[in-house]
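*Asks:* In our numbering, the protein residues as written are 1 to 277. For reference, the structure I am asking about is given below.
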Amino acid sequence: MIAELLLTDDLTEYVRFRAVCTTWRQCTIDPRDCCFWDSRFHPRRWTILKVDDDAAPHRRRFKNVATEECIDLPEMQGRCAFGPTAEGLLVLVDERTLVVSVLNPFTRQRTELPSLATLLLVNWFKKCLFARKKPPKTCYAGDLAHGYLSVGAACLVGECMVALHFSKNRYSSVLAVAMAGGERWMVVPRDIVLTSLLTFEGRLYCLRGNDIMTMKTSENQPPSLVVAAKLPQDPLWVHTRRLVENGRELILVQEGDGFMDKKKYQAHRVDLEAKET
């Protein structure tokens with residue numbers, strides 16, 4: 001019961017209690033011995049920050065947005081952060097090999113994914129990374145620093161799968177997925193730019209045109225996007241739509257210009273069973 005209460009708040013409280021109470025520690029689960037993908041032991045309400053220190057350009061801090069507590073992350077040396085997932089895990093990429101890894105900052109567990117170099121056959125990546133008549137690169141730090149490989153969203157999809165959404169501009173984007181321990185990244189076919197990617201209850205959701213899409217995965221078929229729900233009719237004043245999670249519900253938020261240049265918002269509950277909002 002105590003373990004359940006502590007884990008509903010945040011993993012850090014569970015870890016601290018195990019550290020100071022020997023008797024309780026002996027009869028509870030060590031997070032480091034659990035499956036990496038066990039969501040009970042993932043951070044909650046944490047975000048990654050870059051430290052403004054020229055002497056340590058790779059230094060990063062993990063900050064709790066509720067308590068403002070910070071921890072340093074030595075694992076960031078030589079890696080770039082694609083940001084925390086909705087589950088609190090950090091998606092990192094090696095600046096030289098482009099190998100992607102997923103890190104739990106508190107248990108120090110890490111699992112590796114394929115190198116992004118397997119995506120270089122995609123023209124969009126090739127144009128960004130390789131100029132004509134120039135030799136292949138041995139370090140991609142500049143591309144990462146200047147945003148050529150920036151990720152708009154990093155999401156967990158089911159068990160052992162990660163999705164990355166690369167967006168060069170509002171008209172050009174790539175959604176790729178890979179399995180932990182897999183050999184390559186797979187590009188998910190799409191006929192229009194995707195926006196507002198979010199993981200909700202273990203599934204990836206995003207906006208595409210007038211639909212809310214979700215990713216369908218199976219052992220024998222490549223991942224694909226299918227319609228999860230229809231969007232409401234787009235009012236003329238709306239210019240931005242995004243998906244958010246609130247109280248374990250999926251919510252569509254619409255933003256636009258209201259009367260007297262004031263911002264106007266609408267929130268719609270997404271009914272996944274009825275496939276409507």
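A virtual CB, placed ideally from N, CA and C, is assigned to each residue, including glycine.
Relative to the alpha-carbon of Glu87, which residue among Tyr205, Arg45 and Gly181 has its alpha-carbon at the smallest distance?
*Replies:* A check of alpha carbon separations from Glu87 across Tyr205, Arg45 and Gly181 identifies Arg45 as the nearest.
*Asks:* Would you report the Cα separation of Pro135 and Thr22, rounded to the nearest angstrom?
*Replies:* Reliability fails at Pro135, whose pLDDT of 49 lies under 50, so the model's placement of it is uncertain and the value that follows must be treated cautiously. Rounded to whole angstroms, Pro135 to Thr22 spans 57 Å at the Cα level.
*Asks:* Between which two residues does the alpha helix (DSSP H) carrying Val15 extend?
*Replies:* Leu11 to Val20
*Asks:* Tell me the rounded alpha-carbon separation between Ile251 and Pro222.
*Replies:* Put simply, the backbone Cα of Ile251 is about 28 Å away from that of Pro222.
*Asks:* Just how far apart, CA to CA, sit Leu207 and Leu73?
*Replies:* 33 Å
*Asks:* Quick check on Ala180: does DSSP put it in helix, strand or coil?
*Replies:* coil
*Asks:* By the three-class DSSP mapping on this structure, what secondary structure does Thr199 have?
*Replies:* strand
*Asks:* Does Arg248 pass the burial test, meaning 16 or more other C-beta atoms within 10 Å, or should it be called exposed?
*Replies:* Classification for Arg248: exposed.
*Asks:* Since Leu103 and Ser115 are thought to touch, with beta carbons under 8 Å apart, how far apart are those beta carbons, to the nearest angstrom?
*Replies:* Their Cβ separation, rounded to whole angstroms, is 17 Å, which puts Leu103 and Ser115 out of contact at 8 Å.
*Asks:* Quick one: residues in its chain with C-beta nearer than 8 Å to the C-beta of Glu183, no 5 flanking neighbours on either side, listed in chain order?
*Replies:* Pro114 and Thr118
*Asks:* Mind checking who Glu112 pairs with in its DSSP beta bridge?
*Replies:* Ser101
*Asks:* Taking the C-alpha atoms as reference points, what is the distance between Thr67 and Thr47?
*Replies:* 12 Å
*Asks:* Please name the residue, chosen from Met186, Cys80, Met161 and Leu204, that lies closest to Phe36 on a Cα-to-Cα basis.
*Replies:* Of Met186, Cys80, Met161 and Leu204, the smallest CA-CA separation from Phe36 is found for Met161.
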